[in-house]
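Step one of this worksheet: look at the structure below.
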Amino acid sequence: MIEIPSDLHPDLVPLAFLIGKWAGAGVSDFPGAEKCNFGQEVTFSHDGRDFLEYVSHTWVLDAEGNQVRPLESESGYWRIDKDRKVEVVMVRDQGVVEIWYGELAHQKPQIDLVTDAVARTAASGPYTGGKRLYGYVKSDLMWVGEKATPEVELRPYMSAHLKKVVTPEEVAEMARNLEDMPDDGIAFFK
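Dropping the structure here:
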């Protein structure tokens, strides 16, 4: 279920499906880099202004699913205009700053983004641009990223399947808002 916070800036309502904390796992595979499974935590939050704040942390997982070491971190700001055009400003821990443009699909919670500008520090690796697809599918957030370098044409390099994280406070709030249930609890489902 998608909830629209009462204090959400009206322009951001089409992006409400992103809001919250998400966690899950994915796969990273790009020529010249270690192929691995990774864990990910993503947060989309808002403070009433006309943008969503975005923070993502990934880490390499071993064969048992344990965290081995950090993989990538990025943060940024997402906006959408009245024509459903999305713009994202993102900074990555590898020394890359990106401006992404795209759009929200018609009648479905899916966003296609393409880099418009990339700036790199001297310490960052080769990178010329990328594409990303985010989708809200059966209450989960899924995404795939494509990347290009001077040596490698645009190709998929990371993808993940994330589930919404519910905090103990959110569980307590849900419990306070429940209708009275029958004592046996079974009749509730009939």
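Residue numbers (numbering that gives the first Met the number 0): 0 to 189. Ideal placement from N, C-alpha and C gives every residue a C-beta, glycine not left out. All figures in this text were calculated on a predicted structure; none of them were measured in a lab.
Please name the residue in Gly-47, Asn-36, Ile-110, Ala-121 whose C-alpha comes closest to that of Glu-71.
Looking up residue 71 in the sequence shown gives position 72. When each option's Cα is compared against that of Glu-71, the closest is Asn-36.
Given a threshold of 16 other Cβ atoms within 10 Å of its Cβ, counted over all protein chains shown, does Gln-106 qualify as buried or as exposed?
Reading the sequence shown from its first residue, position 107 is the one you call residue 106. Burial call: exposed.
Check whether the region 98-113 and the region 79-86 touch, using three or more Cβ-Cβ pairs below 8 Å as the test.
yes
Can you have a look at Leu-17 and say buried or exposed, based on whether 16 or more other CB atoms are within 10 angstroms of its CB?
The residue you call residue 17 lines up with position 18 of the sequence shown. Buried, by the Cβ-count rule.
Below 8 Å on the Cβ atoms is my guess for Asp-80 versus Tyr-100; work out the distance and round it to an integer in Å.
Position 81 of the sequence shown holds residue 80. Position 101 of the sequence shown holds residue 100. With 8 Å as the limit, Asp-80 and Tyr-100 do not qualify as a contact, their Cβ atoms being about 11 Å apart.
Top-ranked residue by Cα proximity to Gly-38, from Leu-60, Met-141, Ser-55:
By 1-based counting over the sequence shown, the position of residue 38 is 39. Of the listed residues, the one whose Cα sits closest to Gly-38 is Leu-60.
I need the straight-line Cα distance from Gly-124 to Thr-148, nearest angstrom please.
Residue 124 sits at position 125 when you count from the first residue of the sequence shown. Residue 148 sits at position 149 when you count from the first residue of the sequence shown. Each residue's Cα considered, the two are about 9 Å apart.
Compute the Euclidean distance between the alpha carbons of Glu-150 and Met-157, then round it to the nearest angstrom.
Counting from 1 along the sequence shown, the entry for residue 150 is found at position 151. Counting from 1 along the sequence shown, the entry for residue 157 is found at position 158. Those two C-alpha atoms are separated by around 18 Å.
Coarse secondary structure for Phe-43, derived from DSSP in three states:
Here the question's residue 43 lines up with position 44 in the sequence shown. Reduced to three states, the DSSP call for Phe-43 is strand.
Is it buried or exposed, Ala-159, if we count other Cβ atoms within 10 angstroms and call 16 or more buried?
On the sequence shown, position 160 is the one that residue 159 refers to. Buried, because 16 or more other Cβ atoms sit within 10 Å of the Cβ of Ala-159.
Is Gly-64 near the ligand PLP - that is, is its Cβ less than 7 Å away from at least one heavy atom of it?
Looking at this structure, you won't find the ligand PLP or any other ligand, since it has none at all.
Curious, which full-length beta strand (DSSP E) runs of at least 3 residues does the region 40-110 contain?
51-60, 66-79, 84-91, 95-103
Starting from Pro-155, follow its DSSP beta bridges and name the residues at the other end.
As a working note, residue 155 is residue 156 in the sequence shown. Answer is Glu-145.
Quick check on Lys-75: buried or exposed, where buried means 16 or more other Cβ atoms within 10 Å of its Cβ?
The residue given as residue 75 occupies position 76 in the sequence shown. Going by the sequence as given, residue 75 is Gly instead of Lys. By the neighbour-count rule (16 or more Cβ atoms within 10 Å), Gly-75 is buried.
In angstroms with no decimal places, state the Cα-to-Cα distance between Trp-58 and Val-26.
Counting from 1 along the sequence shown, the entry for residue 58 is found at position 59. Counting from 1 along the sequence shown, the entry for residue 26 is found at position 27. Going from the Cα of Trp-58 to the Cα of Val-26 covers about 11 Å.
Mind checking whether Arg-119 and Val-95 have CB atoms under 8 Å apart?
The residue labelled residue 119 in the question sits at position 120 within the sequence shown. The residue labelled residue 95 in the question sits at position 96 within the sequence shown. It is a contact, given that the beta carbons lie within the stated cut-off.
Which same chain residues, not among the five before or five after Phe-188, have their C-beta less than 8 Å away from its C-beta?
Taking the sequence shown and counting its residues from 1, the one referred to as residue 188 is at position 189. Annotation note: pLDDT 41 at Phe-188 (below 50); position unreliable, coordinate value reported separately. Cβ within range, chain order: n/a, list empty.
Burial state of Gly-23 (16 or more Cβ within 10 Å):
Here residue 23 corresponds to residue number 24 of the sequence shown, with the count starting at 1. Under this definition Gly-23 is a buried residue.
Below 8 Å on the Cβ atoms is my contact criterion, and I expect Asp-46 with Leu-11 to pass it. Report the Cβ-Cβ distance as a whole number of Å.
Stepping through the sequence shown from its first residue, residue 46 is reached at position 47. Stepping through the sequence shown from its first residue, residue 11 is reached at position 12. No, Asp-46 and Leu-11 are not in contact; Cβ-Cβ is about 11 Å, not under 8 Å.
What residue range is occupied by the uninterrupted beta strand (DSSP E) comprising Ala-15?
Sequence index remark: in the sequence shown, residue 15 carries index 16 (1-based). Unbroken run through Ala-15: none, as it is neither H nor E.
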